[in-house]
Each structure stands twice: as C-alpha cells, then as structure tokens.
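**Student:** Protein chains in written order, with the numbering used here: chain A, 577 to 914; chain B, 577 to 914; chain C, 577 to 914; chain D, 577 to 914. One structure, pasted below without further comment.
Protein chains: 4
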Amino acid sequence: MELGMVGLGRMGSNMARRLMRAGVRCVVHDRAAEAVDGMAREGAIPARSLAEVVAALSPPRHVWIMVPAGAVDHVIDDLAPLLQTGDAIVDGGNSLFQDDIARATRLTGKSVHYVDAGVSGGVAGLERGYCLMIGGEETIVRRLVLVFEALAPGIAAAPPTPGRAPGTGTADRGWLHCGPHGAGHFVKMVHNAIEYGMMAAYAEGFNLLRHANAGSASHAVDAETTPLRHPEHYRYDFNVAEIAELWRRGSVIPSWLLDLAAQALAGDPALAAFAGRVSDSGEGRWTLAAANDLGVPTYVLAASLFERFASRGEADFQNRLLSALRFQFGGHHEKPVP
Amino acid sequence: MELGMVGLGRMGSNMARRLMRAGVRCVVHDRAAEAVDGMAREGAIPARSLAEVVAALSPPRHVWIMVPAGAVDHVIDDLAPLLQTGDAIVDGGNSLFQDDIARATRLTGKSVHYVDAGVSGGVAGLERGYCLMIGGEETIVRRLVLVFEALAPGIAAAPPTPGRAPGTGTADRGWLHCGPHGAGHFVKMVHNAIEYGMMAAYAEGFNLLRHANAGSASHAVDAETTPLRHPEHYRYDFNVAEIAELWRRGSVIPSWLLDLAAQALAGDPALAAFAGRVSDSGEGRWTLAAANDLGVPTYVLAASLFERFASRGEADFQNRLLSALRFQFGGHHEKPVP
Amino acid sequence: MELGMVGLGRMGSNMARRLMRAGVRCVVHDRAAEAVDGMAREGAIPARSLAEVVAALSPPRHVWIMVPAGAVDHVIDDLAPLLQTGDAIVDGGNSLFQDDIARATRLTGKSVHYVDAGVSGGVAGLERGYCLMIGGEETIVRRLVLVFEALAPGIAAAPPTPGRAPGTGTADRGWLHCGPHGAGHFVKMVHNAIEYGMMAAYAEGFNLLRHANAGSASHAVDAETTPLRHPEHYRYDFNVAEIAELWRRGSVIPSWLLDLAAQALAGDPALAAFAGRVSDSGEGRWTLAAANDLGVPTYVLAASLFERFASRGEADFQNRLLSALRFQFGGHHEKPVP
Amino acid sequence: MELGMVGLGRMGSNMARRLMRAGVRCVVHDRAAEAVDGMAREGAIPARSLAEVVAALSPPRHVWIMVPAGAVDHVIDDLAPLLQTGDAIVDGGNSLFQDDIARATRLTGKSVHYVDAGVSGGVAGLERGYCLMIGGEETIVRRLVLVFEALAPGIAAAPPTPGRAPGTGTADRGWLHCGPHGAGHFVKMVHNAIEYGMMAAYAEGFNLLRHANAGSASHAVDAETTPLRHPEHYRYDFNVAEIAELWRRGSVIPSWLLDLAAQALAGDPALAAFAGRVSDSGEGRWTLAAANDLGVPTYVLAASLFERFASRGEADFQNRLLSALRFQFGGHHEKPVP
C-alpha cells in the first residue's frame, strides 16, 4: 500500500510515521521544505510539489490532505488537475461536512473521487492510534482499508463491548465508514461537540469544588451581595488535583479527558499558566448550526460553546446593559471590583 | 387608617409619602434620626424608637417593616414583645418565603399576626404605584385593604384585560392576596426571576446587534480562531439606542424594561459608565432553589442568573481548566489577549 | 402616495387597510381572487396579475410583497422583469437577512431597487400600528417615508424616553432605517429571538407557580424519586390568571406579552385547549445561527428555542439513551408513567 | 480488620463480598432476614439486630451504613445508643453533605464518631472496585484504611498520571480523605452532577446523529414549520451503535459511560425498551443548590438536570402557555401531533 500525504504539521507528520511503521509507503509533501526533509530522513519519499506527489504514486492514486481547514480547497484546486480518472483525494482535516458534499460533486465532474475522514487523536495519536470517521463511496473506502487499519488504534485499545456480535464491522478497530460524502466529518463534528460538553461538565464541577470554601472568607454585607446563608456549610479546601486522580478509578466518570485533567491539575492545581480565554475551533459551532437546522435541542452542547465565547469577553456589552438596567429601575450601583 | 412604617430608605420613605398622599396616618421610624426628621417635615408622625411606634398607634396595630433582608428578624425580635394580641407585622422587604412561614409560626405563639408583602416598583414607585403581592391570613389582609389600595397603582395604570370578568378581584388594581404565609414573597421571588430572564433576553439581543459588524473587522487567521465564513453578511453598524426606541411602539416586545433600556442607551449607547459586573439580590437564586426542589425545568431563569455569576468572574477557574485541557490533548496554546 | 401590495393574507390585507385610512392609494394583488375582490370593496385598486399591479402604478413604482417566506423569491422573479429602472420592491415578510443581501445584488443588475422591511405587530397591528425595521438604500427609503409613517404606530403610542433628544430620528414614531440591505430583517430577527426569550421567562415562571403546591400531593417514596425535603414549603395553590393580571401594574415586568398572558389565562387558567407543542417560525433559529457565526453567547435565546424543539418531542431519543445508561450502570428501571 | 455492614441491598451486599475477599471480617445486618442468611452462607457473621451487630464487634467498632438516604437517620438513631465512646459510624449512602455536618455534631455529643463516604461504582463495583470519597476526622479515617483499600479499585485500575509524584497520597488507589465532615458526600455529589453533564453531552450528540436524515423525510410546508433550507445536507442514516463503538478507541471522548452507551446501543439502537422518562436521584439537585448558594455558574450541570425534569413532563404548562401566547399575538394555531 502507498499513500500521498500533503501537509506535515503536527497531525500529518505523525500520521505518516504511524503509516510507515505499518509498512505503508508514504510520499510526503509540505510547503515547508524542511518538514519534507525531516520526514525523508525518517523513511518517507519526499515530494517538492504536488506534481511530484502524483508522479511518485501509481494509479489509482490516493492523496491524503492534512492541512488547515481554510487551505483545503486551494490544495484540491491545485491537485485535482494533476490527477487521473479513478484517483482519490482524502481530506483528513477539520472540514465542514457541507463542504465535503460540494467538493465531491465538483470532483465527480473531473472523475476524481473524494473521501472525507474525520481524524481524532491529537498529539497522542502517534502511539495511541487515530479514531477515523469516514465518508464517501463504498468502493473507494474499500481501497483504503490498509491505510485505515494502520492509522486506527486497533481492537486491543479497548475491551470488547458485551452484547456486540463479533465481526459486526470495523468500528471496534477504531475506524468506520459512516456513510456518504460528508458523513465522516459530520460524525467528527458531533464528536467534538460532545467533547466540548464533557469538558464543560468537568470544568464546572472542578470550579464548584474550588469555590467550596467560600464560607471561610469574610464577606462584606451590602444590598448588592446575596450573603451566604450558611457559611458553615462551605468550608472545604478541596485538593482538586487529588480528586481528579481519585475519580479515575472505580467512579462513573473516568475518561481520557479526566486523565488529562488529572495531569494538568497535578502540574499546577491553580492552573496559573492559563488566563482562561478558551478558543473554539469550529466543530462546536457547526454542530450547533446542524442542531439548529434540524430543530434538535442541544442545551448542553450549546452552553459549553457559549461558555467559551463568554470566556473571551464576548458578553461584555450584555453585562453592561444589565448593570445599566439595574441602575435605571433600582438605583443600584455596580459593586467595585474587589 | 394608620400604619407604622419602620425603615425609611429609598423604598420605605417613598411608600410612606404615597400613603400620606392617600390620607393614611403614618408613624415612621428609622435607625437614622435624620430620616425620621425628614419624614416628619413631610407630615409623618416621628417615632424615635420601636416603642414609640407602638405607642403612637391604636390597636389593632399594623407595623410595616421595610428594612434589608438581613435585618428583618432583628426588627421582629425587638418589635414583637412590644405588641399586643391581635396586632400585625407586615414584612415588605425581600424575604425568603420559607422565612415567612417560620416567622408566622413564631409570632403565632405570641398572638401577633404576620403578613408578607412582596413589593415591586423601585425608584419609580412613588408616582407609578407599587405592585403588591400579599401572603397571610385573610382576616388580617382585609384589615389592610386601605393601605394596599393607597400603595398600589390602581386600575387606571393599565387597560382592562379582554375576557376578564369585571370585579373578579383586586389584581387589576395592582395588589393581590396570593395565599397563606409566604405566598406574597413567593410570587415576588418568581417575579424577579422573570425580570432576570427578560433582562437577559434583551441584553443578549442588544449584544448581538453590537457584534453585527464583525465582518468589517480584519481578523487574523490562525488555527485557534474560527474565521467568519461570510464576513460580507456582518457589516451592520446598528444604532442600538434607536433600535431600543423603535421597538417601544408596535412591536411584540415593548415593556417597562425596554423603556428603561431605551433610556439607558439614549444616554450612552456604549454604556461606558458600567463595567458589567452584574449583582444579584437573592430572588433569582431563591427561584432556582424552588425550581430545583420542585423538579421544574427553568433553563432561561437559571441561565440569566448564571450570566450574572459569570460576569463577576466566577467561571474563571473553569475556563482555565478548559484551556489546560485543550493544551493537554491538542497542544493548543491560549491566544494572547488582543 | 401610492403602493402596490402583493399578498393579502392576515398581514397584507390589514396593512393595506391601514395605508388606505392614511390616504395611500393601494393597488392590491393576491393569488386568491376573492381576497382581491374583498379589498376592492374596501377601496383598493384591484389587480388580477403582477402585470396589472405594475400597470396601475406610476414610476418610480413601489411594490410591497407580503407573502410567505418560501414564496418571496418566486414573486420577485415574476415581478422584476415587469418593472422599470428605478422601481423598487419591498419585502415585508419574514426573510432571512442573507437572502436580502443576495436579492439586492441580483436586482441591482436589473436596475431595480430592493428594500427589506421587518414588520412586527401581528393581528393587533391594524389598530396598534406596525413596528417597521427597514434595510436598504437611503434614497429609496426616503421615497417611502409616507408609507412608513402611515403603517407605524406613531409617536403617541408610547411616552417619550427621558434623555433622548427630540428630533433624533424616526424611531420614536415606530419605524427606522436600520442600515443597508438586510439590516431590517436582521433587526426583526433579533426582535423575534428576544420575544422567544421573554415568552420563555414568563412561561417558566408561571409553570413554577403552577407547581408550587407539590407539597400537598402525596408522593410515593422510592429510590428513583427525589423526595421533597420540606413539603410544608410548597402548599400554595396560586391563581396564575390573577397573578398575571397583578403584575401588569406597578411591577418591573409589565409588557405587551404579559397583557396577552393575562388574557389567555383569564380565559382558562389551565390552558386546556393547548397541547403544548410549540412551533417556531424561523427567526429564533436565524438569530442563533448569527450568534453562532459571530461567537456571541446567547444562552437565554438558545434555551428558549430549544424548549420549543423539545416540546415537540425532538429530545425523545436523547431521553431514552439517558434511561438506558442509568439502567446500564445502576440497574435503575424507568418509573412507569403515573 | 472487621466491619459491621448494615443494609444488604445491591450495594451493601457486594461491598461486603469484596471486603470478605480481602480478608475483612464482616458482621452483616439487614431488615430482611433472608438477605442476612444469604450473606452468612457466603461467610459473613449474621446479625439479627443492630444490637447483635454491636455485640459481634470489638471496640473501637466501625459500622458501615448502606441504606436508602431517607433511612439513614433512623438507623443512626437506633444504632448510636448501642455504641460506646470511640466507636464510629460510616454512612456510605447518598446523603446530603449538610446532613453529614449535622449528624457529626449530633454524634459528637454521644462521643461517637461519624464518617461520610461517597461510594461510586454501581453494579460493576464488586469486580471493578468502588471509588471512595471520604469525609471526617483524620484519626478515624486512618483506622479504616484497610477497609478503604479493600473496597477501592487499587492502583492498577488506571495507568499512572504523568507528572504526578509517586506516593503523593491514596487517590491513585481509588480512595481519598477529602476533608472534614461532609467532604466525602460533597465530592460524590459533584461527581454525580458531572456524570449527568457527561451523559447529557453524549445523549444530545447521539440524538443529533439520529436526526441527521431529516432531509430524506418529506415535510409538509406550512407557516408553522421552519422548512429545512438544504435537505440535501441531511440525508445520513447513521448507525449510532457502531459510532458509539468507534469512539471508544483513539478519539478524545472515550469513557466508561461511552462503553455503557455502546453496550446499550448494541443491544437495540432504537432503545425501544425505554420511554425516556429520566429519573434523578438527588445529587444533581444538591449540586445545583450548592452552585446557587456559592454563586458559581453551572450552565451545563443545570441544563442536564432540567432535561431530566422536562423528560418527565414537568414543562407541560410552560409549553401550553407558549402556544397560548402565540395564538394571542399571531393567531397561530398549534400544529396537530403528526
């Protein structure tokens, strides 16, 4: 098996490494020549241009694009004319599923096939394997099985699910043909939104634990502050790092995200290195847009996204208006920042 | 009719004024002697102590307490022993309805009656009248009708409701005996939670309008920022003050709160005088506690309360944990503050 | 002044009536001939076709389209070729603001102008006037001032806003040129989302009041039910109709929507005629989509929309999965429907 | 080591079994004699009464109570007089942390010690071990170390956390002394709220996947329905069971809850055995109450709780009011149930 890999950032380079370990011949390209050189030293076939990528592969070719979402269409536009009937492009980046549908239609006109692959795994994927959510034509997906098997974590990565018939499909090896064009990125999109929701659940819980000693503080009493009715109930100085560690075993909420939380909090329980301006990279919004289109309630997924927006100060005008209204009807002055 | 009024702050003094205008004899007391003197100059009977309040009233006495929530029990403890069988205390402050139930039980042992009165109206109440939500015994409420009629806005304050039989009750005059002890403050509590929810609906809407020109800004493109897919759709520089004014006539959303928003925004559309640290004064939390006890979903009321908590920085640790997790699994660095 | 009015449904016919009362000559058309006949009997100029509408107006013509959102583009496609350079189409329906931008571009190619008008007022608009939120070119908007003045409620519909300089603009008469193409429907869209949020705030509050007697019920105690810890706190049988009436005067939360709630509850406090499957007509979703695009948190607006989705059963699979998970980890069986 | 175990339900009996496997001598009691007999056959010392429990243990005695939350105080009232100075009671049930504080104070007067133990693990705990969150006095907790070590999953249950110093404490063995009285149940309470949030995140995500084929349905077009703008984007028939299986390996969201979801969906992807009336057992509400007391925003935790309330029909009156309002201002009729 061989594969062209275009884009050698954090994700693309590790994926190429994992493929080569499994014996897949990788032809690699990146705008940055040093990235190509580096991978060549690790055994990949270097390509200085998209044309070289195409030239180094035998038909039917498979070129996996692993570039930022904004660059995917440019690469496709440059690559497609170099390809032949029957060749296929795989977009492994974070594309919006509607774009996949449009691209597939566009490429069909050129007799080139298109596969969308949602890839999860992050920096740990090289060792842990990548969870692959695939969309596209059945025949093309079948041609890529060896690639998916090489990238995916494999069946040993988790114990079998009781009640699931063995040989049901490929999902238990960590990759799945989810449906037609866009299906892969759709499933990846929902995956990320669930990730946002889970992260928010943990973060709200730990935040609450951090505030559980409010009864020990001496609070000024004024009309603008709701006093703590029973301060004696809130005098806990919890060790959030140790609680994260605790929950990893035997509780209902162990997860890989909790493992990471335990790791982060073990380093510094106050997380002083972070300011708390939380980015979002698109999939949470796309999921909300889909839920909105479909009329499906997603309170938790939406709230976890809005918490990120608000963390970046995007609610400021709203809050000023609330203070202004309180002043209007009640003569309430804002409390000074403590 | 006569009434003792204890507590001559913003609310208590205006209420005494409105009562006197209606011919109610007011015996007034406050810890601050100058407040008592001021009201005396306006025609009230000054009382230097609770004992003087009691002495200046004829049995059965009615003493209206209008003090901060935290001080109500102290005043009741001092006042009750001075009263006689059949006298009544009215708490017009922002008490928790469960406290009303406990106080009524406590005072029953002393043969003193207790009435809870949720009072809405704020600084505008002197002219506009006060909406009164009353809880307690029917016989005692009946003794206070003249007081309620004097304080309430009266039937002319709003057009009649089509389909409501005339003479149905007192609600259309702006006061209502809502039920037994605590019922008044329960209804006031829910009123305030609805107020929070409405304020949040307006504030979120105006905030969105303020951001509608994001497509005009030049945004740096990086992996941590979701780019605006169609900047050409978001190039509106809305005049939020004029839009608030606009919606006051003929739309579906006119309200007194919108009137106040229009007023605040007319003064300064940027609301630069406010930092956006929004206080909450208890009723929103009590409503959430009641909904929680009763198992009633209140997404909007809860979210409007949480937005106030978050405006005061109470989500900071949560947000830092989210950034820490993103760094753990994706190597994502927080974006610097712009 | 004269105007073509295409679409004589509930909204279009009442708007034509209000225009004619103000002396505007109305040329009216609808697919349903009897609707045209009816308006003709009230003094309008009947037009059997779009061509007749155009023929009956003098250039520069103004044709106001008041048809369902899905039909607007069809009408424009049929109408535009009949118009001359300098004529203008006004879309007064519930269009998505991005469609306005696209249509304006399309019509510019034909030298026909386009104005988007968000119209609020509902069935009460004929008497109350319509709140008009306008987007488009300044010169065209200016040509339509007499139409806007006739439709809008006028300055007397609400008291002046303290602090707002007289003569600031037209907003205090109930219409406003909000900005370029799409600005009118954008502001209308946010208006409707605020309406959803306000409605939800009231509805959650009244729902809570309806549940306040849960302490009077006798509840079976089992492991699947959280018992009410203090049933003695929740024994209120509130009259929600009278409470709605009460809040209309002197409280912080009077509004037109509260007037309507009082009216609905006066008719039947149990609202037995309604099943509670709440529709949404688009603007709430569009607002959420815009907030999502812009990265602006709108917890309350989103929750109020999701509550409508959920009321229609769209959370059912989610809920079944939650019950299934509870059974998996805790052996919990679902409680039978009471 | 020896321990009294009172309450031999699903949790208590399995915990006794796990303790006996580790060599802890268990004196067991339950109101149901057959439960005691059954455990006796497995090697436990049967006790027909609390007095027999006390008699069979040597001082200082430790009696672990594992009974429904509502029964804990009754057992403590019966048991405490039988105990001697220095003996200790452990409440391993789902108690509210404030109750722990009150009980500890009460028992201190009797010179009996109190320990609160939040226990997580469910039906899988016998094999998997129980995560133990402990509150109480350091000296008493130390006396129970062998019990905690026997019940907890042990260090091998999860890989070590990078960056956590070895020997930091007991958390990595699955039990932790979290703080003074109530601390154990406080941490357990937050654990369960996080569990609710995570469950909701998954459930919303899978619900969205289930709706992703809405574009294939033929929808009636009417003014009460927002049509799907691009049905061609939503024609995915996702296999939710296989997607749950897929995400278990290599993705960002593996967790024990996902394992259970995969198991439930493998059995029946439609989950037809469940009606979707989701119970809550207290801790979610207690967490919300604590967040409310402390002024900490918990949008996601609250929404996940409200979704359970709503699944049981508790939003019905709210929804009817929304439909009633829509009818009032827009003449909108509810759509019939499809």
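The beta-carbon is built from N, C-alpha and C at its ideal position, and this holds for glycine as well. All of these numbers come straight from a predicted model, not from anything done at the bench.
Which residues in the same chain have their Cβ closer than 6 Å to the Cβ of D:L672, if we skip the five residues on either side of it in sequence?
**Tutor:** Closer than 6 Å at the Cβ level, and outside the excluded window around D:L672, lie W862.
**Student:** Terminal residues of the continuous beta strand (DSSP E) containing C:A559?
**Tutor:** Outside the displayed range of chain C (577 to 914) lies residue 559 of chain C, so it cannot be described from this structure.
**Student:** May I have the straight-line CA-CA distance separating D:G580 from B:C754, to the nearest angstrom?
**Tutor:** When rounded, the distance between both Cα atoms is 52 Å.
**Student:** Please check the pair C:A867 and A:P873, which I expect to be a contact at CB under 8 Å, by giving their CB distance rounded to whole angstroms.
**Tutor:** Their Cβ separation, rounded to whole angstroms, is 16 Å, which puts C:A867 and A:P873 out of contact at 8 Å.
**Student:** Consult DSSP for C:E578 and reduce its assignment to one of helix, strand or coil.
**Tutor:** Reduced to three states, the DSSP call for C:E578 is strand.
**Student:** With a cut-off of 8 Å, do at least 3 Cβ pairs link the stretch 754-773 of chain A to the stretch 807-821 of chain D?
**Tutor:** Yes: the two stretches touch, three or more of their Cβ pairs being nearer than 8 Å.
**Student:** With H, G and I counted as helix, E and B as strand and the rest as coil, what does DSSP make of A:Y690?
**Tutor:** Three-state DSSP puts A:Y690 in a strand.
**Student:** Does the pairing of the stretch 614-623 of chain C with the stretch 640-650 of chain C give three or more beta-carbon distances under 8 Å?
**Tutor:** Contact between the stretch 614-623 of chain C and the stretch 640-650 of chain C is absent, because fewer than three Cβ pairs lie under 8 Å.
**Student:** Taking only the alpha-carbon atoms, compute the straight-line gap between A:L897 and C:H767 and give it to the nearest angstrom.
**Tutor:** Cα-Cα distance, rounded: 16 Å.
**Student:** For the beta strand (DSSP E) containing C:I770, name the first residue and the last one.
**Tutor:** Careful: C:I770 lies outside any beta strand (DSSP E), inside the alpha helix (DSSP H) at 759-786.
**Student:** Which residues of the stretch 761-784 of chain B have a Cβ closer than 7 Å to any Cβ of chain C? Give them in chain order.
**Tutor:** Per Cβ criterion, the list reads F762, V763, V766, H767, A769, I770, E771, G773, M774, A776, A777, Y778, E780, G781, N783, L784.
**Student:** Just list the residues that DSSP pairs D:M709 with in beta bridges.
**Tutor:** Paired residue(s): D:G694, D:L752.
**Student:** Listing by chain order, which chain D residues have their CB less than 9 Å from the CB of A:M709?
**Tutor:** Within 9 Å Cβ-Cβ: I819, L822, W823, S827.
**Student:** With distances taken Cα to Cα, identify the nearest neighbour of C:L881 among C:V604, C:A769, C:V603, C:D675.
**Tutor:** When only C-alpha atoms are compared, the closest one is C:A769.
**Student:** Is there a Cβ of chain A sitting closer than 9 Å to that of B:R853, yes or no?
**Tutor:** Answer yes: the Cβ-Cβ gap between B:R853 and chain A drops below 9 Å somewhere.
**Student:** Could you name the residues of the same chain whose beta carbon sits closer than 8 Å to that of D:P742, not counting the 5 residues immediately before and after it, in chain order?
**Tutor:** Correct list, in chain order: P736.
**Student:** Report the rounded CA-to-CA distance for A:H757 versus D:A726, giving the unit in angstroms.
**Tutor:** Between A:H757 and D:A726, the C-alpha separation is close to 52 Å.
**Student:** Since C:V630 contacts C:L595 with CB under 8 Å, what's their CB separation in whole angstroms?
**Tutor:** Wrong, their Cβ atoms sit about 18 Å apart, outside the cutoff.
**Student:** For chain C, find out if any of its Cβ atoms is closer than 9 Å to the Cβ of D:A700; answer yes or no.
**Tutor:** Chain C contact via Cβ: present.
**Student:** So B:I731 is in the alpha helix (DSSP H); what residue range does that whole segment cover?
**Tutor:** No alpha helix (DSSP H) contains B:I731, which DSSP labels as neither H nor E.
**Student:** Could you spell out the range, first to last residue, of the alpha helix (DSSP H) harbouring D:V651?
**Tutor:** From DSSP, the alpha helix (DSSP H) with D:V651 extends over 648-655.
**Student:** Let me know the secondary structure DSSP gives A:R601 once reduced to three states.
**Tutor:** Reduced to three states, the DSSP call for A:R601 is strand.
**Student:** Per DSSP, what kind of secondary structure is B:I641 in: helix, strand or coil?
**Tutor:** In this structure, B:I641 counts as strand in the three-state DSSP scheme.
**Student:** Give a yes or no on whether 9 Å exceeds the smallest Cβ distance from A:S899 to chain B.
**Tutor:** With 9 Å as the cut-off, A:S899 counts as an interface residue toward chain B.
**Student:** Counting only Cβ-Cβ distances shorter than 8 Å, please list the residues of the stretch 880-909 of chain A near chain G, keeping chain order.
**Tutor:** The structure shown contains no chain G; its protein chains are A, B, C and D.
**Student:** List the endpoints of the continuous alpha helix (DSSP H) containing C:G906.
**Tutor:** From DSSP, the alpha helix (DSSP H) with C:G906 extends over 892-906.
**Student:** Alpha carbon to alpha carbon, how far is C:M591 from C:G701?
**Tutor:** Taking the straight line joining both Cα atoms gives about 8 Å.
**Student:** Would you list, in chain order, the members of the stretch 739-757 of chain A that have their beta-carbon closer than 9 Å to a beta-carbon of chain D?
**Tutor:** So the list reads G739, R740, A741, T744, G745, T746, A747, D748, R749, G750, W751, L752, C754, G755, P756, given in the order they occur along the chain.
**Student:** Find the residues of chain C that neighbour A:L836, judging by a C-beta separation of less than 8 Å, and give them in chain order.
**Tutor:** The premise fails here: A:L836 is roughly 22 Å from chain C at the closest Cβ pair, so nothing lies under 8 Å.
**Student:** Among the candidates D:A608, D:L752, D:Q894, D:G697, whose CA atom is the shortest distance from the CA of D:G712?
**Tutor:** Ranking D:A608, D:L752, D:Q894, D:G697 by Cα distance to D:G712 puts D:L752 first.
**Student:** Which chain A residues are close to B:Q839, counting only those with a beta carbon under 8 Å from its beta carbon?
**Tutor:** By Cβ distance, chain A contributes Q904.
**Student:** Within the continuous alpha helix (DSSP H) that includes B:E610, where are the two ends?
**Tutor:** Unbroken alpha helix (DSSP H) run through B:E610: 609-617.
**Student:** At what residue ranges does the stretch 788-846 of chain B contain a whole run of the alpha helix (DSSP H), taking only runs of 4 or more?
**Tutor:** Runs found: 816-823, 832-843.
**Student:** Determine whether the Cβ of C:H787 lies closer than 9 Å to any Cβ atom of chain D.
**Tutor:** Chain D contact via Cβ: present.
**Student:** Give, in chain order, every unbroken run of the alpha helix (DSSP H) that is at least 4 residues long and sits entirely within the stretch 857-882 of chain C.
**Tutor:** You should have 859-870.
**Student:** Could you pull the start and end residues of the alpha helix (DSSP H) that D:E714 belongs to?
**Tutor:** Element bounds for D:E714: 714-719.
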